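Enquirer: Next up is a structure, given as structure tokens.
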Amino acid sequence: MGNQLTAIAPSQIFPVEYYLTDLPDCTFDSNLGSTRFFKVARAKHREGLIVVKVFAIRDPSLPLKAHKDRLDGKLYYSFSIL
11 MGNQLTAIAP
21 SQIFPVEYYL
31 TDLPDCTFDS
41 NLGSTRFFKV
51 ARAKHREGLI
61 VVKVFAIRDP
71 SLPLKAHKDR
81 LDGKLYYSFS
91 IL
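Quick look at the structure:
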């Protein structure tokens with residue numbers, strides 16, 4: 011008995027600026043909070059300041075496609091979501 015990890019810890023934890031390189035219209039402004047898997051930053055967009063939330067998972071075996079499809083459907087008519 012004892013504490014056990016439920017997932018493999020990432021070998022390298024990247025700062026939120028690393029993930030903003032995938033968004034060409036956004037430039038990093040400031041860090042608003044960060045944990046091992048969830049990162050929040052304020053960024054500059056051509057329309058003004060925005061909040062970017064990143065869920066960073068590096069395990070390709072996790073079945074996230076169903077969640078992505080569900081979120082895409084719910085956020086389809088949201089204009090403030092990238």
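Following my numbering, the numbering of the sequence shown begins with 11 at its first residue and continues without gaps. Here a beta-carbon is modelled for each residue, glycine too, at the ideal position from N, C-alpha and C. Note that the coordinates shown come from a computational prediction; the quantities given were computed from them, not determined experimentally.
1. Let's see if you can read the secondary structure: which residues bound the alpha helix (DSSP H) around residue 30?
2. Does the pairing of the segment 23–35 with the segment 48–57 give three or more beta-carbon distances under 8 Å?
3. So, is residue 62 buried or exposed, given that buried needs 16 or more other C-beta atoms within 10 angstroms?
4. Rank 47, 79, 88 by C-alpha distance to the C-alpha of residue 22 and give the top, closest one.
5. Could you name the residues of the same chain whose beta carbon sits closer than 8 Å to that of residue 59, not counting the 5 residues immediately before and after it, in chain order?
6. To the nearest angstrom, report how far apart residue 45 and residue 65 are at their CA atoms.
7. Mind pulling the alpha helix (DSSP H) runs of 4 or more residues that sit fully within the segment 27–88?
Expert: Taking the geometry as given:
1. 26–30
2. yes
3. buried
4. 47
5. 39, 52, 53
6. 10 Å
7. 75–85
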